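Written below as C-alpha cells is the structure these notes are about.
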Amino acid sequence: MASEESELLRLLHHPATVVAPQLLGAVVQHSTPEGTVAVRLTEVEAYQGPADSHTPDPGSHSYRGQTARNAVMFGPPGHFYVYFTYGMHYCANIVCAPAGTSSGVLLRAGEVIDGLELARHRRPVSRNDHDLAQGPARLASALGMGREHNGAALHGGNFKVTLGRPLPAAAVLNGPRVGVSGAGGSATYPWRFWIAGDPTVSRYKAAAARRPPQEPVRRRSTPA
DNA sequence: GGCGGGATATTCT
DNA sequence: GAATATCCCGCCC
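Here numbering that gives the first Met the number 0 is used: position 223 in the first sequence is 222, and no number is missing along the way.
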C-alpha cells in the first residue's frame, strides 16, 4: 500500500548504517514473464558515502567519488544499485540517504518465500533451498536481477519491497563485512547485519589476504 | 565442512 | 595492467 511505501521511503532517507538492520526481514519481490520470486532478507551490509558521515568508508564503491558505474548511488533513495563483478556475477544494493549522498545497503542473503520452482530453475547448482539466495550474487541470480535493473525503482514496474515486522533486538547480530579488502578498508566497521541463527545467512570466509604470507601458515594454529 | 585455486569482464589507475 | 562488495569445483580432513 501507499502508506507502507512511504514508510519505507522515510526509512531510506537515513544513512546506510541505520537502514541496514531495519531491512532484515523485509521482502523483495520481482516479477518477470517467467514468474515471480520473493526473497525475505536475512543478511545485509551497509556502505556509507563520503558525504554521509565523518567516518570514511574505503570499502564503498562511492568512496572515490562519482563514476559511471556508481552514479545511481548518488541519486535519490528508493532505487536498486546493481553492479557486475568478478566477470560473472551481479550484486544488488538498495540506495539510501538523500540525493547527493551515496549510501547503499548490499543485499547479501535471504530466504526464498515465493517462486521456489523458478528460483531453483535459475540456480540449478543449489542443492538445498537455503542455498538459493545465500550470498549476494546468488540472491541477485535467484531474483533474476542483472545489469538492466541498475537504477530501477523499488516500487513500480516489476518490483515490490515490503518491510517486515520489527525484529527483537536479540535476533539481530552484526560483525565485519565480507570480502571487503584493501588498506584500511578491510573489516574496519562492523556493518554486516544478519538474523541470528537463520540457515540462509551466507557462510563464506572473509576476504583472502592480498599477499600470501611470507611463511607457510600452519593448518592447526591455535584459535583465539 | 573447510581450504585452495580458477574462471571471467568490467572498472578504474 | 591490477584489482574486484563472488561462486563453484575438487580435494582433503
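Ideal Cβ placement from N, Cα and C applies to all residues, glycine included.
Remember, predicted model here, so these are calculated numbers, not experimental data.
* Asked: How long is the line joining the alpha carbons of Ala271 and Arg63, rounded to whole angstroms?
  -> Residue 271 cannot be examined here, being either before or after the span of the chain that is shown, 0 to 223.
### Task
For the alpha helix (DSSP H) holding Gln21, just list the boundary residues, first then last.
Within the first sequence, residue 21 is the residue found at index 22, counting from 1. That run of the alpha helix (DSSP H) goes Ala15 to Leu22.
Given a cut-off of 8 Å on the beta-carbon distance, is the pair Leu106 and Val27 in contact? As a first step, residue 106 must be located in the first sequence, where it is residue number 107. As a first step, residue 27 must be located in the first sequence, where it is residue number 28. Closer than 8 Å, so yes.
- Report yes if the CB atom of Glu110 is closer than 8 Å to the CB atom of Val38, and no otherwise. Taking the first sequence and counting its residues from 1, the one referred to as residue 110 is at position 111. Taking the first sequence and counting its residues from 1, the one referred to as residue 38 is at position 39. In this structure, Val38 lies closer than 8 Å to Glu110 by Cβ.
| Would you say Ala152 and His78 are within 8 Å of each other, going by their C-beta atoms? | Translated into positions along the first sequence, residue 152 becomes position 153. Translated into positions along the first sequence, residue 78 becomes position 79. In this structure, His78 lies closer than 8 Å to Ala152 by Cβ.
Beta-carbon separation (whole angstroms), Ala139 vs Val81, contact threshold 8 Å:
Here residue 139 is taken as the residue at index 140 of the first sequence, counted from 1. Here residue 81 is taken as the residue at index 82 of the first sequence, counted from 1. With a Cβ gap of about 7 Å, Ala139 and Val81 count as contacting.
Worksheet item: In chain order, which beta strand (DSSP E) runs of at least 3 residues are fully inside the segment 159 to 200?
Response: 171 to 174 and 191 to 194
Which residues in the same chain as Tyr89 place their Cβ atom closer than 8 Å to its Cβ, once the five residues preceding and following it in sequence are excluded? Counting from 1 along the first sequence, the entry for residue 89 is found at position 90. Answer for Tyr89: Val81, Tyr82, Phe83, Ala136, Ala139, Ser140, Met144, Gly145 and Arg146, listed in chain order.
Q. How would you write the range of the alpha helix (DSSP H) that His120 sits in, first residue to last?
A. By one-based count along the first sequence, residue 120 stands at place 121. Leu115 to Arg121 is the extent of the alpha helix (DSSP H) around His120.
Checklist entry - Can you tell me whether Glu44 is buried or exposed, with buried defined as 16 or more other CB within 10 angstroms of its CB? => result Residue mapping note: residue 44 aligns to position 45 of the first sequence, counting from 1. Classification for Glu44: buried.
First and last residue of the alpha helix (DSSP H) that includes Arg68?
Taking the first sequence and counting its residues from 1, one reaches residue 68 at position 69. Element bounds for Arg68: n/a, residue is neither H nor E.
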